[in-house]
Amino acid sequence: MAVEEIQQRYQAGQTGAPKRETDSVDIYRGNHLESISVIVPTYNEADNILAVIERTKQALRDVEHEIIVVDDDSPDNTWRIVELAYEDDPLVKVYRRQRDKGLGNAVMCGFSQSTYTCCAVIDADLQHPPEKLPELLFHMDDDVEIVIGSRHTDFGRIKRWPLTRRLVSAGATFISKSLLPTTREFHDPLSGFFIVRRDCIEAEQLQPNGYKILLELLVRGGISRAVEVPYVFDERTRGESNLTISEYLNFLTHIFDLRGDIR
Numbered sequence: 052m053a054v055e056e057i058q059q060r061y062q063a064g065q066t067g068a069p070k071r072e073t074d075s076v077d078i079y080r081g082n083h084l085e086s087i088s089v090i091v092p093t094y095n096e097a098d099n100i101l102a103v104i105e106r107t108k109q110a111l112r113d114v115e116h117e118i119i120v121v122d123d124d125s126p127d128n129t130w131r132i133v134e135l136a137y138e139d140d141p142l143v144k145v146y147r148r149q150r151d152k153g154l155g156n157a158v159m160c161g162f163s164q165s166t167y168t169c170c171a172v173i174d175a176d177l178q179h180p181p182e183k184l185p186e187l188l189f190h191m192d193d194d195v196e197i198v199i200g201s202r203h204t205d206f207g208r209i210k211r212w213p214l215t216r217r218l219v220s221a222g223a224t225f226i227s228k229s230l231l232p233t234t235r236e237f238h239d240p241l242s243g244f245f246i247v248r249r250d251c252i253e254a255e256q257l258q259p260n261g262y263k264i265l266l267e268l269l270v271r272g273g274i275s276r277a278v279e280v281p282y283v284f285d286e287r288t289r290g291e292s293n294l295t296i297s298e299y300l301n302f303l304t305h306i307f308d309l310r311g312d313i314r
């Protein structure tokens, strides 16, 4: 889809996914919520990115926030779509990266550009519900350093995954817990949906390799107190998955790198 067409649809209010209930925001209205920087790493998410941003803005309408889109120079011009749609909105920032690509590095770039007390990481494919962000943020008490959106704790689940993908995910979780003792207390150490305090992020300590930045934080970030919050991992409705065989190989390399750190 051309950038101009998507921009026209945006201006006509047609780009978003079907409206979702946002009662979860009202539950926390009146409670103190931390300020938050929402990091959205992207690659070829032109069909989804505006819906992600709008749903995030709506979910956090009562919270001081910014949205940081970090794009790996998408051929579909995801970065340009965001620039055009939000050029007059200081709360939405976009960074186009043409080197050192990869999900982990994109998230680290977002961390480095963040302003607020807490940083959230959320996928751009709408599989992580932005409406859940206030609930995750609500659990960020003074002594909590990271709140993890969990697919595998009570009341969490995954929608309509094929058996092969479920087996791969279960195998990856098993490998992580077997080799990395600090991840064993968590139901979903491979989650890509979480909020972490900025003061837990030390760039010189973190060396992301692959797409599981949460593992990096749990092993190298010195996390002492974490909370898991259940959520429903939704099905991608537009676009194609960015996971490849090379990403899975990077994951295994990452696991053994982290394992070497804890010996």
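In our numbering, the protein residues as written are 52 to 314.
Beta carbons are placed, not taken as given, at the ideal position from N, Cα and C, and that holds for glycine.
Values in this document were obtained by computation on a predicted structure and should not be read as measured data.
Across which residues does DSSP place residue i in a beta bridge pair?
i: Val172; result: Ile90 and Phe245
i: Phe284; result: Ile209
i: Ser201; result: Pro281
i: Tyr146; result: Val121
Verify whether the separation of the beta carbon atoms of residue i and residue j is less than 7 Å.
i: Glu117; j: Thr166; result: yes
i: Thr129; j: Glu182; result: no
i: Tyr137; j: Val121; result: no
i: Ser242; j: Leu265; result: yes
i: Val315; j: Ile90; result: The question about residue 315 has no answer, for the chain in this structure spans 52 to 314.
i: Gly222; j: Cys251; result: no
i: Thr168; j: Glu105; result: no
i: Phe244; j: His179; result: yes
Decide if residue i is buried, meaning its Cβ has at least 16 other Cβ atoms within 10 Å, or exposed.
i: Gln149; result: exposed
i: Glu236; result: exposed
i: Pro317; result: This structure does not reach residue 317, given that the chain is present from 52 up to 314, and the question cannot be answered.
i: Thr93; result: buried
i: Leu101; result: buried
i: Thr107; result: buried
i: Asp312; result: exposed
i: Phe284; result: buried
i: Phe206; result: exposed
i: Asp77; result: Low per-residue confidence applies at Asp77: pLDDT is 47, beneath 50, and the placement is therefore not dependable, though the value from the model is reported in the following sentence. When all chains shown are included, Asp77 counts as exposed.
i: Pro141; result: exposed
i: Pro213; result: exposed
i: Arg202; result: buried
Runs of beta strand (DSSP E) lying entirely within the region 101-143, each at least 3 residues, in chain order: 116-122
Quick one: any contact between the region 182-200 and the region 300-307, if contact means 3 or more CB pairs under 8 Å? no
Report yes or no: do three or more beta-carbon pairs, one from the region 272-279 and one from the region 170-178, lie closer than 8 Å? no
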